[in-house]
Amino acid sequence: MTVVTRFAPSPTGLLHVGGVRTALFSWLYARRNGGNFILRVEDTDRERSTDEAVRVILDGMAWLRLDADEGPYFQSRRFDRYREVLRGMLEAGTAYHCYCSKDELDALRGQQIARKQKPRYTGICRERREPRPGVDPVVRFRNPLDGAVVVQDLVHGPVTFQNAELDDLIIARSDGTPTYNFCVVVDDMDMGVTHVIRGDDHLNNTPRQMNMLQALGAPLPIYAHVPMILGPDGAKLSKRHGAVSVLQYEEEGYLPDALLNYLVRLGWSHGDQEVFTREEMIAAFDIHDVNKSASAFNPEKLLWLNQQHMMRTMPAALVPHLRAQLRRLGADSSDQQMLEGVILAQRERAKTMKEMAVNSRFFFVEDIELDLKAAAKHLGGDAPATLAKVRARLGSLSEWNAASVHAALEQLAAELGGGLGKIAQPLRVAVSGSAVSPPIDATLALLGRERTLARVDAALAGSRPAPN
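Residue numbers (numbering that gives the first Met the number 0): 0 to 467.
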């Protein structure tokens, strides 16, 4: 059997970390088992579905590199197929027309509540043969009246539902549009889905969907319902906790593999290992090992993991992420060697690629921004005289690299009777605009002779160098 999993988001809200974790678990299970992963957009709710939400789903999956073997499929483009299956079920008697009005159903519900009964449809139209004139009926699934449905869930174990507790679900509205649960069943049947991995908020839908699949003569998939992600305070995950668009994490400078690494560890573990490459996740992940209980989202742990991935990823692979962040800051470069050098110099000092870009912008622009507090502290007093001597010594270098710069500055500091910091800080502010940068020798080596000397000259003149 070829394993087939699917991720089926609804574009009624933006894709956030809960959905991403579900997609990741489904993707990993398919990849580990040599199977297929399907992306399906469940957009039958046309009033609430938005193009923006669809874009976030597609762009988010692309950024995360959770590649689909099939799709994206859109339910809104499969209505003819749903109507075909509906007709077949009506003809076979596994579905029927219901003519009950909203008022009638509300009255029934009120009576049941008054009798302290669970509100449910009692099958009033189940054996009706004649249509009600002037009424557009809904279509209901003829659910079995007795027996039980046992969901052999890979996470929760066996979960039993009594058919007597399941009413006859509406599978098509009075205007003919199919409902969510029906579309899911037809799609899973047509697409040959073997394993349904989704949030445990869908567990109550499962017995109804299993009954419909059996009525259609379709094989039943294996189900795994994963627990929710909660906020750090134990409450339902919200925007203040991190339930934001997945693309916001890209904007904030998180690496996709770091986010996936963090999410795979929410409810799943593999010994004491914390940091996983994508390949290690595929090799180790087993849906049977996912915990039943909900996990709490911890932004600080995500930030730590992101830095770990920044430290362990080859600089060349980080270049596209740095360039994307630099562009947002009005800077860019196509100098691969320069970009990789900046990454090596900065990655121990930054926890996100955005932070790295902000701290590195001065490498990629001509007109740097001066931190006025840093300038007042390090470029006043006798600093200009010291800086002039630094300028002269650097200008006399025959070679320009980190080692030669370091040796020249150390020698000058010794001659002036002070430590390297006394000359490094004014120089750092002059060339970067800030009192914080990578080691001064690495900073100057990356900037190059011409830009370094031009910025020192501008600092001595009390102005910034104009763009070339």
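Here a beta-carbon is modelled for each residue, glycine too, at the ideal position from N, C-alpha and C.
Classify residue i: buried if its beta carbon has 16 or more other beta carbons within 10 angstroms, exposed otherwise.
i	result
proline 216	One point to set straight first is that residue 216 is glycine, not proline, in the sequence displayed. Classification for glycine 216: exposed.
threonine 121	exposed
serine 25	buried
serine 359	buried
leucine 165	buried
proline 143	exposed
serine 206	Inspection of the sequence shows that residue 206 is occupied by proline rather than by serine. By the neighbour-count rule (16 or more Cβ atoms within 10 Å), proline 206 is buried.
glutamine 272	exposed
histidine 287	exposed
asparagine 467	Bear in mind that a pLDDT of 40 at asparagine 467, under 50, signals an unreliable position, so the model cannot answer this.
methionine 310	exposed
lysine 353	buried
arginine 76	exposed
glycine 59	buried
serine 462	A caution first: serine 462 carries a pLDDT of 49, below 50, which makes its placement in the model too unreliable to give a value.
alanine 465	The predicted model places alanine 465 with a pLDDT of 44, which falls under 50 and marks its position as unreliable, so this point remains unresolved.
methionine 0	exposed
alanine 52	buried
serine 436	buried
glutamine 116	exposed
arginine 114	exposed
arginine 427	buried
glycine 87	exposed
Alpha carbon to alpha carbon, what distance is there between residue j and residue i?
i	j	result
valine 16	methionine 337	34 angstroms
arginine 139	alanine 171	7 angstroms
glycine 34	leucine 27	10 angstroms
glutamate 249	alanine 457	36 angstroms
alanine 374	asparagine 32	59 angstroms
valine 263	proline 8	18 angstroms
histidine 155	histidine 201	13 angstroms
histidine 377	lysine 235	49 angstroms
leucine 471	valine 137	For the chain, the structure presents residues 0 to 467; residue 471 sits outside this window and is missing.
glutamate 251	arginine 47	28 angstroms
valine 158	phenylalanine 363	59 angstroms
alanine 356	glycine 420	25 angstroms
cysteine 476	histidine 96	Given that the chain is displayed from residue 0 to residue 467, the structure contains no residue 476 and the question cannot be resolved.
alanine 349	arginine 326	18 angstroms
aspartate 334	aspartate 79	53 angstroms
glycine 133	aspartate 50	36 angstroms
leucine 386	proline 425	7 angstroms
valine 245	leucine 265	16 angstroms
threonine 451	leucine 393	9 angstroms
leucine 153	alanine 223	5 angstroms
threonine 276	aspartate 381	51 angstroms
aspartate 174	alanine 323	47 angstroms
arginine 45	proline 10	9 angstroms
proline 218	proline 71	23 angstroms
leucine 459	proline 438	22 angstroms
glycine 109	tryptophan 62	49 angstroms
aspartate 68	methionine 190	12 angstroms
So residue i and residue j are in contact, right, with Cβ under 8 angstroms, and what is the actual spacing, rounded?
i	j	result
proline 319	glutamate 339	12 angstroms between Cβ atoms; not a contact.
isoleucine 221	threonine 193	7 angstroms
valine 455	valine 430	7 angstroms
methionine 188	leucine 212	6 angstroms
glycine 432	aspartate 331	Not confirmed; about 18 angstroms, so no contact.
glutamine 477	valine 184	Since the first residue shown for the chain is 0 and the last is 467, residue 477 is missing from the structure and cannot be characterised.
threonine 351	asparagine 305	6 angstroms
isoleucine 37	arginine 5	4 angstroms
isoleucine 196	valine 225	7 angstroms
alanine 29	valine 2	6 angstroms
Inset, instruction - Could you tell me whether the stretch 297 to 307 touches the stretch 276 to 285, using the rule of 3 or more Cβ pairs below 8 angstroms? - result: no
Inset, instruction - Taking 8 angstroms as the threshold, find out whether the stretch 247 to 257 comes into contact with the stretch 284 to 295 through three or more Cβ pairs. - result: no
Legend entry - Three CB pairs or more closer than 8 angstroms across the stretch 429 to 446 and the stretch 386 to 401: yes
Legend entry - Contained beta strand (DSSP E) runs [length at least 3] in the stretch 205 to 233, N- to C-terminal order: 221 to 225
Inset, instruction - Write down every uninterrupted run of the alpha helix (DSSP H) in the stretch 52 to 100 whose length is 4 residues or greater and which is fully enclosed by it, in chain order. - result: 78 to 91
Inset, instruction - Could you pull out every unbroken alpha helix (DSSP H) segment of at least 4 residues lying fully inside the stretch 350 to 425, listed in chain order? - result: 352 to 359, 371 to 377, 382 to 394, 401 to 415
Inset, instruction - Check whether the stretch 177 to 189 touches the stretch 35 to 52, taking contact to mean three or more Cβ pairs, one atom from each stretch, closer than 8 angstroms. - result: yes
Legend entry - Runs of alpha helix (DSSP H) lying entirely within the stretch 120 to 197, each at least 4 residues, in chain order: 179 to 189
Inset, instruction - Write down every uninterrupted run of the alpha helix (DSSP H) in the stretch 260 to 336 whose length is 4 residues or greater and which is fully enclosed by it, in chain order. - result: 277 to 283, 298 to 311, 314 to 327
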